[in-house]
Structures are given as structure tokens and as C-alpha cells.
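Below is one structure, written out as C-alpha cells; the observations come after it.
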Ligand code: GDG
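In the numbering used here, the protein residues as written are 8 to 467.
Laid out in C-alpha cells, this is it:
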């Protein structure tokens, strides 16, 4: 049987109960622990001298193959081109793009170097599945090492409209490199369409689409296939985790301090794409306009730190601290703090159990490839008394979770209205919406995502 080799920028540190914050790590780890195989990528260490080689570690059926990065590589490849150029561009924020040609060169160099590290570990029948925007040139780099295996790529973040992609200097080289993969996977149909648009309008390529089969692409002298594969979760596992965690200490503390008030909850890496400031304002609008809600509802925002050495991330942190302080200063009472904003990471089981306590899951990114938190919130609910998901129309998940209350995250009043509707929704409607979404999550869990992608990657 062929081995599955997963390649991603970061190989997630595995603690009990799975990896910590980050959607890619959660999805990939879930996919790999069933099939077994190897997971190759950066260890997370930034070193002062070139690492001696790959470190191999076995965890059950999974071999973790990790390597450190030297400071310059980290700065140029990871912090620079990946997170200060590509991330904002692909999240429709050309205003936040920073470009430096040395960083781009570093990005390509690190891709070549990582490919050269991996190549000697590969066997001829391995299937290689590369993940996310850090590694767009990876197939091209492996081919240059003489690797002939099937190589697929999955993009976890949105694919931008061609006009936005044009604002990334070197976009053509990048897209040429992307076309070296055998199969490209996107989260949603609009992402796939945006890619096909670029190929047809900007790269002079040809796209053939035939029903539900992957699109066939000819561009830059290469042929490849592309399709949408929405990533999922394991809803029943999350449900069990949430139920088991109900008696845990953190959950009991939250319950005790709520004093029967309702709970609105959000969990996001602290990222400007997640729409946190707008969300805080929507909650403010709710308590400002609806006096019944005042002192009867609390909002818990958990936002673990991420990429804090990129300027735009420092800015969003300061902005959020200011907003939560302002809103609490304005509305808090002796026995009530409207917004509890926690800039820290929690264990996965604690989050699941807290989701189950929350009457409303408020998931309102400005742009998001999929958003697993939305899927985890629904999964964690008590089927007899489920909470309500309020979900941004700009999360990939909104295409599947159509029974959520769908909002535009830039419409503060609209979000406040949706919050009010969610907090007062009758049980029968909450159950109907939950049942519909849970069915959807079960039908398209992580195994389905993985199996569909690998089936198409292996297809002749
Ligand atoms: C990218 C795309 C796409 C969050 N805080 C903690 C914690 N988390 C976990 C969540 C969830 C994951 O991290 C976040 O996943 P998302 O999907 O919501 O967002 P990104 O990190 O931006 O992920 C995204 C995803 O890749 C998968 O393809 O959906 O669109 O941007 O699982 O629960 N986990 C722990 N502690 C925390 O404090 N343990």
C-alpha cells in the first residue's frame, strides 16, 4: 500500500487531545491519524545555525519528520512573504500587503531547501499531499529533485479574485509553480472558480469543466486538475468531548460567574481576517438597543495569540484591547462585565465543553477559507437543547451550514439583530436547525474530505 506523505509549513505539536490552535493542524492531524503515514515540515524552532537534518519521531501510525529554520529563513519565508504578503492578499486585504523581493526569494529558497530535505525520504509509490500557501512552489521544487510521485495541494485559505491576485508582485511565477501540482484542492466552489478565472483571463490557459468531476487545466505548458473539497471535522467525537467536559473546572467557573445569564461565545486565532472588532461592536449594539439583554447576556471571546511579530497583528491586538476596554467601561455594572476577552490558548476539550454551554456561537470572519470553529460549535451542542450558530456569509462554512443565521460581518446592526434572534429562538427551531447542520457535518466529515481528495489525486 502506498504511504501518505503530508507536507505543511508547521508540523503541529501534539499534546493530549490533539494539536493546539490552528485549523490546518487540526484537520491534517485528524486526517492522518486514521491512515497513518508521514508528516513533514517545520518544527517551530528558529535556530541560530543550519539544522543538522530531519528529526523523526513516531506517534502511533504517524511519523513526524521535522526540521528547524534559521532566523533569516523564518523572517523571509514565514513571517515575510507567507504572512505579510500572501495571507492579506488571499484574504482580500490588498491594503495590508507588504512586499519585499528578498522575502520572495527567501520564500522560494526555503521551498527548494525543504524539498531537498524531503526527497531522500521518499519511496516511489508514496503519495504526497502538500498543504497551504507557504508551499506553493513545493511541487516545482520536488520535480527539480527528480521526484516523479503524484503530488497534490490543498489551499486552506480563500483563493482571491484575479484582480486581487494581480496586486501580488510575482503572481505569475507563483501561479506557474502552483500548476506543477497534479491536483489542486480548494475549500469551496467560488475559490475554485476564482482560480479558473485567473488561469483563463490572466495566464492564457484553458479550463475544461465537466459536471462534478475535477476541472482539467492547461496552463504554463502543464496539465493538472482542480476541484473543491470542503474540509470537515469529526462531529461525534467533538460532541463526546463536549459532553465529557461539562463537569470540568473551567466550565464550572464560567457557569458560576454567569449566574444564569446567557452566553455568547467566539474562538479565533487573533487575526484581522476574523472580524473581531466588528463583532465586539455588534455585541455592543445589542446591549445598547435591547435593554432586556443588558446584564442578561455575556460575551466570551477567546483569542489565542498568533504571528505576533507581523505588524498588522500587533495593530489588531491593540485595537481589540481598546474596544473591549471601551465597551466594558461604558456598560459594565458591579456584578456584570459584558465582554470577557481572553488573549490565551485553551485545551481542546475545554473549548468543546464551553461551546456546549454557549447559547450562541458567534463566528463572523471577514474572510475565511472554511472556519472549523463554526463546525466545532455546532458539533458540541446538546441535541436536546442546542445553541444557535450565527455565521458570516464570507466563511467557506456558510455554503454548507445554511441552517445557521447567516450575517454580513460588516453590517453591525444586522449582526446585532441576528444575536437578538438567536438569544430568543424557540427550542423547536433551534433543534431543527441543529439537526440539519449536524447531518451535513456527519455526511462531510474529515474522512470524506481526505478520501475524496486522495481518490482524485490517485486517479489515472
Ligand atoms: C485555516 C483557515 C480553515 C482556536 N483557538 C484554540 C484552538 N483553536 C482551534 C479551533 C479550530 C482551529 O484552531 C482554528 O481553525 P479555523 O478553521 O477556525 O481557522 P484557521 O486557524 O484560520 O485555519 C480556515 C482551516 O485552516 C482548515 O482548513 O477552516 O479557513 O484560515 O480547530 O478549535 N485550539 C486549542 N486552543 C485554543 O485556544 N486547543
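Ideal Cβ placement from N, Cα and C applies to all residues, glycine included.
Same chain, Cβ closer than 6 angstroms to residue i, neighbours up to 5 away in sequence not counted
i           : result
residue 452 : 239, 241
residue 161 : 138, 192
residue 136 : 13, 159
residue 303 : 268
residue 410 : 440, 443, 444
residue 157 : 134, 189, 464
residue 60  : none
Selected residue, minimal CA-CA separation from residue i, among the options
i           : options            : result
residue 248 : 384, 71, 345, 429  : 384
residue 208 : 169, 183, 195, 244 : 169
residue 259 : 231, 381, 363      : 363
residue 121 : 317, 183, 16       : 16
residue 152 : 140, 126, 102, 315 : 126
residue 134 : 146, 124, 142      : 146
residue 421 : 436, 400, 46       : 400
residue 286 : 266, 264, 310      : 310
Inter-residue spacing [alpha-carbon to alpha-carbon] between residue i and residue j
i           : j           : result
residue 222 : residue 201 : 13 angstroms
residue 175 : residue 95  : 10 angstroms
residue 425 : residue 404 : 17 angstroms
residue 348 : residue 308 : 5 angstroms
residue 375 : residue 98  : 7 angstroms
residue 382 : residue 427 : 21 angstroms
Own chain residues within Cβ distance below 7 angstroms of residue i, not counting five before or after
i           : result
residue 206 : 212, 214, 224, 226
residue 387 : 245, 246, 249, 359, 362, 363
residue 148 : 118, 119, 122
residue 516 : In the structure as shown, the chain starts at 8 and stops at 467, and residue 516 therefore has no counterpart that could be examined.
residue 229 : 186, 187
residue 90  : 314, 317
Residue i beta carbon near the ligand GDG (any heavy atom closer than 8 angstroms)
i           : result
residue 407 : no
residue 273 : no
residue 286 : no
residue 169 : no
residue 353 : yes
residue 16  : no
residue 51  : no
residue 383 : yes
residue 163 : yes
residue 304 : no
residue 459 : no
Assigned secondary structure, residue i (DSSP; H/G/I helix, E/B strand, else coil)
i           : result
residue 70  : strand
residue 271 : strand
residue 377 : coil
residue 154 : coil
residue 440 : helix
residue 214 : strand
residue 62  : strand
residue 302 : coil
residue 23  : Because residue 23 carries a pLDDT of 48, less than 50, the predicted location of this residue cannot be relied on, and the following value inherits that uncertainty. Residue 23: coil per DSSP, three-state reduction.
Own chain partners of residue i with C-beta closer than 8 angstroms, once the 5 adjacent residues on each side are dropped
i           : result
residue 53  : 75, 76, 77, 78, 81
residue 372 : 275, 280, 281, 282, 378, 399, 401, 402, 416
residue 101 : 95, 171, 174
Any chain C beta carbon closer than 9 angstroms to residue i
i          : result
residue 76 : Within the model displayed, chain C is absent; a lone protein chain is all it includes.
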